[in-house]
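Enquirer: I have a structure I would like to understand better, so I am pasting it below and will then ask my questions one at a time.
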Amino acid sequence: MSALFDLGLVETAQAIADGAVTSEAVTAVALDRLETLGPRYNAVMALDRSGALEAARAVDRARAKGEDIGALGGVPLAHKDLLYRAGRVCTGGSLIRKDFVPDITASVLERLDGAGALDLGTLHLAEFALSPTGFNAHYGHGKSPWNPAYGSGGSSSGSGAAVAARLVSGALGSDTGGSIRHPSAMCGVTGLKPTHGLVPLYGAMPMAPSLDTIGPLTRSARDAARMLSVIAGPDVRDAITLSAPDRDYESGLTGDVRGLTIAVPQGYYRTAAESEILALMDASLDVLQEAGARIVETTVPDMMLINALMQVVMTSEAAALHRQWLSARPQDYGAQVRARILPGFAVPAIRYVEAMMMRAQMAREWLTAAMGAADLVHVPTLAVPVPSIAETTEGAPEDVAAAIARVTHCTRGISYLGLPSLSVPCGFTANGLPAAFQLVGRPYGEPVLLRAGDAYQRRTDFHTRLPPECGAL
Amino acid sequence: MSETDIAALLRTQDAIAVTPQEAEGLARLLALLNDTVAAGAAVRVTIDSAPSSFETLRAGIAERGEEEA
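Protein chains in written order, with my numbering: chain Z, 1 to 473; chain E, 1001 to 1069.
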């Protein structure tokens, strides 16, 4: 068995269930790492050491008595600090909510609790979940475990860094325009942005509810499947989930991709990709092809329109949610965050309504062009190497804006389309930072994405690589 | 909408003050968003296109089980 800190989520759950390790031992290791390595990467907001250890001992006692401890029994996790737990401070990464204590618990946290998982505390995020790089004017920038001069990606910055640095084996994040996929790609972990409406949003601080999703960041696709099986499915407290399937996402992970057809859209995604990213994309396609998948070239529809539609929806909804605070407490918003919200105040209502009315049609157009008769689509997660923190925070405003826009080039449109996407690490660029591809599916197509992602990871080891200073304490 | 109009709109409608630089950037961006979305809607949104929503698309796919490869 690997060192306790290096166990994946499923491995940890199995080891505890088998009695090979105790939850208390694994949890103590996670807490030590969160406390010592967490600050180095600005990954942690708050921890509950005594509560976590007590919960771990309770799981160990239950197991000793032969009780069912659940699919995640005794596994220590921590999550983005925008998921409400009754009685615990939830900052949303903001100054305005630094002391906010919700009186409800998020559905996803209740479901993880029900599966026996432990919640060690809260993880860093961009202010109000509004930065793709991990920028936070109040709590500092999220930093990459691969090189702290580079951003961890956002907005689920702490979730990406914590999983990459082996502080926890899994963490929830949220994704409105790429906020699970950016930190997954930039930190070298696996991240699943589910279909909009598959995972309930009840008890999660919203950013733009029509686009918001909650999903796992883990080491592997198998780990993500385990977490998704727990958190997905209908919830009467969030009506958008009522048609969502309730299924086991792990059982289809056979390692076999024979019979699958993977579409590779030409144009928008690949023309923006730098040559070293393209080389890594092609190498990952070779792996999938050698495993038996068929690769076909496709096209994309008008991505400028899709990106504009996304921006209209996101900024309009964010403006509605932030209007009162932006008016009364403008000084409490970071400049980048304010700039992302402001357009929503001047978007005409008719444009917002048109954007919402066109959503299903645009999803069909994208699926027809980009996927065609294939089963899934393969595109880069980031078309460029991970930028340094300086590149996205310093210099001329137009240069900073352009650097940030490059991070979201391949992710934001998919959020408007509501489609599921799995980001999978696939190598490293010349700066030593990770790169990743994303597999995009039809609505509720998560099983196919996880199957292909798992098959790829059975044949590669990028998802197992340990950042240089994240070994044993 | 001009920079001046945007600054006035935000101030009077939502009590939000913006700098001249912010107003200039907003004017550019909003013109682009407005034109792009309006052009896209002109060929897609008709009186009979509603009700059409992502939720309906998703529910239909779930009903037919199309997500399985």
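All residues carry an ideal CB built from backbone N, CA and C; glycine is no exception.
Check whether chain Z comes within 8 Å of residue 1054 of chain E, counting only Cβ atoms and requiring the distance to be less than that.
Expert: Closer than 8 Å to some Cβ of chain Z, the Cβ of residue 1054 of chain E qualifies, so yes.
Enquirer: What does residue 1041 of chain E reach in chain Z if we use C-beta pairs closer than 7 Å?
Expert: Near residue 1041 of chain E (Cβ distances below 7 Å), the residues of chain Z are 354, 358.
Enquirer: Using beta carbons (cut-off 8 Å, strictly below), is residue 1015 of chain E in contact with chain Z?
Expert: Taking Cβ atoms only, chain Z reaches closer than 8 Å to residue 1015 of chain E, which makes this a yes.
Enquirer: Would you verify that the beta carbon of residue 1004 of chain E is, or is not, closer than 8 Å to some beta carbon of chain Z?
Expert: So no, residue 1004 of chain E is outside the interface.
Enquirer: Would you decide whether residue 474 of chain Z is buried or exposed? Buried here means 16 or more other CB atoms lie within 10 Å of its CB.
Expert: Nothing can be reported for residue 474 of chain Z, as the shown portion of chain Z is limited to 1 through 473.
Enquirer: Of all the CB atoms in chain Z, is at least one closer than 8 Å to the CB of residue 1012 of chain E?
Expert: It does not; no Cβ of chain Z falls within 8 Å.
Enquirer: My understanding is that residue 188 of chain Z touches residue 465 of chain Z, with C-beta atoms under 8 Å, so please give their C-beta distance in whole angstroms.
Expert: Yes, they are in contact, since the Cβ atoms of residue 188 of chain Z and residue 465 of chain Z sit about 6 Å apart, within 8 Å.
Enquirer: Which residues does DSSP pair with residue 428 of chain Z in a beta bridge?
Expert: Partner(s): Z:434.
Enquirer: With a threshold of 8 Å between beta carbons, is residue 454 of chain Z in contact with chain E?
Expert: No, residue 454 of chain Z does not count as interfacial toward chain E.
Enquirer: So residue 174 of chain Z is in the beta strand (DSSP E); what residue range does that whole segment cover?
Expert: It spans 170-175 - the beta strand (DSSP E) in which residue 174 of chain Z sits, taken as one unbroken run.
Enquirer: Does any residue of chain E have a CB that is nearer than 8 Å to the CB of residue 12 of chain Z?
Expert: With 8 Å as the cut-off, residue 12 of chain Z does not count as an interface residue toward chain E.
Enquirer: Could you give the distance in angstroms between the alpha-carbon of residue 58 of chain Z and the alpha-carbon of residue 22 of chain Z?
Expert: Straight-line Cα distance between these residues: approximately 11 Å.
Enquirer: Report the neighbours of residue 342 of chain Z on chain E: residues whose CB is nearer than 8 Å to its CB, in chain order.
Expert: Within chain E, the residues near residue 342 of chain Z are 1010, 1016, 1018, 1022, 1026.
Enquirer: Given a cut-off of 8 Å, decide if residue 344 of chain Z and residue 315 of chain Z are closer than it, judged by their beta-carbon atoms.
Expert: In contact: residue 315 of chain Z and residue 344 of chain Z (Cβ atoms closer than 8 Å).
Enquirer: In whole angstroms, what is the alpha-carbon distance linking residue 413 of chain Z and residue 177 of chain Z?
Expert: For residue 413 of chain Z and residue 177 of chain Z, the distance between alpha carbons rounds to 7 Å.
Enquirer: Report buried or exposed for residue 205 of chain Z, applying the criterion of at least 16 other Cβ atoms within 10 angstroms of its Cβ.
Expert: Under this definition residue 205 of chain Z is a buried residue.
Enquirer: How big is the Cα-Cα spacing for residue 199 of chain Z and residue 421 of chain Z?
Expert: Taking the straight line joining both Cα atoms gives about 14 Å.
Enquirer: Looking only at C-alpha atoms, which of Z:456, Z:443, Z:39, Z:193 sits nearest to residue 244 of chain Z?
Expert: Here the closest residue by C-alpha is Z:443.
Enquirer: In three-state DSSP terms, what is residue 147 of chain Z?
Expert: Residue 147 of chain Z falls in the strand class under three-state DSSP.
Enquirer: Along chain E, in chain order, which residues have C-beta atoms closer than 7 Å to that of residue 326 of chain Z?
Expert: Chain E residues near residue 326 of chain Z: 1016.
Enquirer: Shortest alpha-carbon distance to residue 49 of chain Z belongs to which of Z:78, Z:70, Z:67?
Expert: Of Z:78, Z:70, Z:67, the residue nearest in Cα terms is Z:78.
Enquirer: Mapping DSSP to helix, strand and coil, what is residue 1045 of chain E?
Expert: Of the three classes helix, strand and coil, the one that applies to residue 1045 of chain E here is coil, per DSSP.
Enquirer: Taking any Cβ of chain E, which residues in the stretch 279-304 of chain Z have a Cβ under 9 Å from it, in chain order?
Expert: Of all residues in the stretch 279-304 of chain Z, 302, 304 have a Cβ within less than 9 Å of some Cβ in chain E.
Enquirer: Rounded to whole angstroms, what is the Cα-Cα separation between residue 1011 of chain E and residue 1017 of chain E?
Expert: Rounded to the nearest angstrom, the two C-alpha atoms are 5 Å apart.
Enquirer: So which residues of chain E does residue 476 of chain Z contact, with C-beta pairs closer than 7 Å?
Expert: Past the edges of chain Z, shown from 1 to 473, lies residue 476 of chain Z, and the structure says nothing about it.
Enquirer: Do we get a CB-CB distance below 8 Å when we pair residue 309 of chain Z with the residues of chain E?
Expert: With 8 Å as the cut-off, residue 309 of chain Z counts as an interface residue toward chain E.
Enquirer: State yes or no: is the beta carbon of residue 474 of chain Z nearer than 8 Å to at least one beta carbon in chain E?
Expert: This structure cannot settle anything about residue 474 of chain Z, because the visible part of chain Z is limited to 1 through 473.
Enquirer: Can you list, in chain order, the residues of its chain with a C-beta nearer than 6 Å to that of residue 309 of chain Z? Leave out the 5 residues immediately preceding and following it.
Expert: Answer for residue 309 of chain Z: 355, 416, listed in chain order.
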